[in-house]
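Quick note on numbering that gives the first Met the number 0: the sequence shown kicks off at 0 and runs consecutively. The beta carbon of each residue, even a glycine, is placed where N, CA and C say it ideally should be. Inspection log for the structure reproduced underneath, given as structure tokens.
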Amino acid sequence: MDKETYSKEVKEIFATNAVLKRNSKLNDKLDRAYELSKKLESGEIIKPQEAHKLVKEILEIFFKDPFSDSFSIPMRFIESPLGKMLFGLKFGIPEKAYTTAEITAIMGRTRALISHDSKNGLVRSEKKGRNIIIYENDLIDYMVSKGMSHTEAQKRITLYQHFKEQGYDIKQIKDKIELAISEEYQT
């Protein structure tokens with residue numbers, strides 16, 4: 000996530016939630032998480048304990064139930080740029096990594112195919128919990144192995160990022176990418 004998108008996300012959070020606005024330490028914690036995320040993305044080694052603790056503190060501020068020790072995180076937050084940054088940091092995944100759902104939108108292929116190819120070693124991937132994660136360079140290689148040109152693979156990823164930043168959900172993004180690619184080939 001670039002600095003501008005990050006700043007916009009943080010401003011929206013504080014503008015829409017008076018309780019969070021009053022938490023003076025939250026902004027510092029978010030800034031520290033952004034710094035750690037950038038270090039991770041650049042390939043620097045970060046202390047996992049620090050990242051886990053920081054992300055847990057932020058998520059508790061956002062979502063902890065005041066009447067119990069549990070908290071529930073909405074899927075919409077997890078899929079937001081800020082949520083993606085925080086969970087990427089928590090699990091040690093640079094931002095240039097994609098989940099199975101994101102890959103289906105980018106490639107226009109099914110989860111079953113991606114899972115099958117991952118299981119059979121046709122794409123370099125990692126399992127994080129129940130999800131398959133593929134880093135961007137490996138995703139491009141995989142897309143090329145599936146018959147796409149290198150240019151089309153990069154274009155699809157760029158379109159995905161563009162539509163994601165505009166707030167579209169995975170299904171809408173998949174449709175928009177397919178439409179954009181088909182229109183490009185018709186001209």
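Spatial distance of residue i from residue j (CA atoms)
{"i": "LYS193", "j": "ARG31", "result": "One cannot answer for residue 193 here, as it falls past the ends of the chain, which runs 0 to 186."}
{"i": "GLY146", "j": "MET106", "result": "11 Å"}
{"i": "TYR141", "j": "PHE162", "result": "22 Å"}
{"i": "PHE90", "j": "ARG123", "result": "18 Å"}
{"i": "SER117", "j": "ARG129", "result": "13 Å"}
{"i": "VAL18", "j": "THR4", "result": "22 Å"}
Residue j beta carbon less than 8 Å from that of residue i
{"i": "TYR97", "j": "LEU138", "result": "yes"}
{"i": "ILE172", "j": "ALA111", "result": "no"}
{"i": "THR99", "j": "SER79", "result": "no"}
{"i": "GLU135", "j": "ILE180", "result": "no"}
{"i": "PHE76", "j": "GLU59", "result": "no"}
Closer than 7 Å: residue i CB and nearest the ligand NAD heavy atom
{"i": "GLU8", "result": "Because no ligand of any kind appears in the structure shown, any question about the ligand NAD cannot be addressed here."}
Cβ-based burial, residue i [other Cβ within 10 Å; buried from 16]
{"i": "TYR184", "result": "exposed"}
{"i": "PHE62", "result": "exposed"}
{"i": "MET74", "result": "exposed"}
{"i": "ILE102", "result": "buried"}
{"i": "LEU178", "result": "exposed"}
{"i": "ARG155", "result": "buried"}
{"i": "ILE133", "result": "buried"}
{"i": "GLY87", "result": "buried"}
Opposing strand residues paired with residue i [DSSP bridges]
{"i": "THR98", "result": "ILE132"}
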